[in-house]
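Q: Under the working numbering, read the sequence shown as residues 170 to 325, first letter to last.
Built from N, CA and C at the ideal position, the CB exists for glycine as well.
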Amino acid sequence: MKKTGILNPQLAELVASMGHGDILMIGDRGIPFPQHEETVCIDLSIKQGMPTVKDVMEVVLSELEIESVIMAKETKEKNPKNYKEFMDVLSGVKNCGNAIVVEEIPHYDAKNLWLNGAPMDPDVIDTWGREIKGVVRTGDFAPFSYIMLVAGVDFG
170 MKKTGILNPQ LAELVASMGH GDILMIGDRG IPFPQHEETV CIDLSIKQGM PTVKDVMEVV
230 LSELEIESVI MAKETKEKNP KNYKEFMDVL SGVKNCGNAI VVEEIPHYDA KNLWLNGAPM
290 DPDVIDTWGR EIKGVVRTGD FAPFSYIMLV AGVDFG
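1. Consult DSSP for Leu318 and reduce its assignment to one of helix, strand or coil.
2. By Cβ distance, which residues of its chain are closer than 6 Å to Val270, with the 5 residues on each side in sequence left out?
3. Quick one: residues in its chain with C-beta nearer than 8 Å to the C-beta of Leu230, no 5 flanking neighbours on either side, listed in chain order?
4. Quick check on this structure: which residue in Phe324, Glu207, Ile316 and Met240 has the alpha carbon closest to the alpha carbon of Val225?
5. Taking contact to mean 3 or more Cβ pairs, one atom from each stretch, closer than 8 Å, check whether the region 179-197 and the region 297-312 are in contact.
6. Just list the beta strand (DSSP E) runs in the region 170-207, keeping only unbroken ones of 3 residues or longer that don't cross its boundaries, in chain order.
7. Alpha carbon to alpha carbon, how far is Val305 from Ser214? Give it in angstroms, no decimals.
8. Starting from Asp295, trace the beta strand (DSSP E) in both directions and tell me its first and last residue.
9. Would you give the residue range spanned by the alpha helix (DSSP H) that Lys245 belongs to?
10. If Glu234 and Asn264 are in contact, beta carbons under 8 Å, what's the gap, nearest whole angstrom?
This is the structure in structure tokens:
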């Protein structure tokens with residue numbers, strides 16, 4: 170029996186399959202899943218508040234090398250508690266010694282990115298070489314409580 174790291178077999182497989190530029194979206198209870206088969210969709214919610222986006226993010230980051238994250242611009246103002254939690258977690262994460270790049274885009278562009286693979290406004294973010302590999306729903310009940318982790322490489 171596995172006892173450390175990511176215990177959920179679907180999530181462990183998803184993280185293991187991530188390549189440079191692939192995106193893993195971790196979101197609150199209200200996020201919709203994409204309606205196509207290319208994206209792995211995992212519902213980890215157990216009850217309200219369990220697990221939180223932060224909980225899942227911390228466990229995923231123990232195994233996944235990232236170079237950047239994508240968040241909704243609205244998170245900072247409409248959900249300052251979770252925004253601070255996300256920033257606190259990211260402050261301890263480095264990519265080959267460099268700080269993680271935080272990209273903040275409008276919610277409607279972020280939602281279109283995870284649902285359809287591209288933002289509504291193609292000038293808002295560069296999606297070249299990036300693919301939404303998976304979407305994970307948590308038990309978080311808070312607005313704009315989601316973050317997209319962009320896989321990096323650890324070649325140093």
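A: The short version:
1. strand
2. Ser237
3. Val258, Val262 and Leu318
4. Ile316
5. yes
6. 191-196
7. 9 Å
8. Per DSSP, Asp295 belongs to no beta strand (DSSP E) and is neither H nor E.
9. Glu243 to Lys247
10. 7 Å
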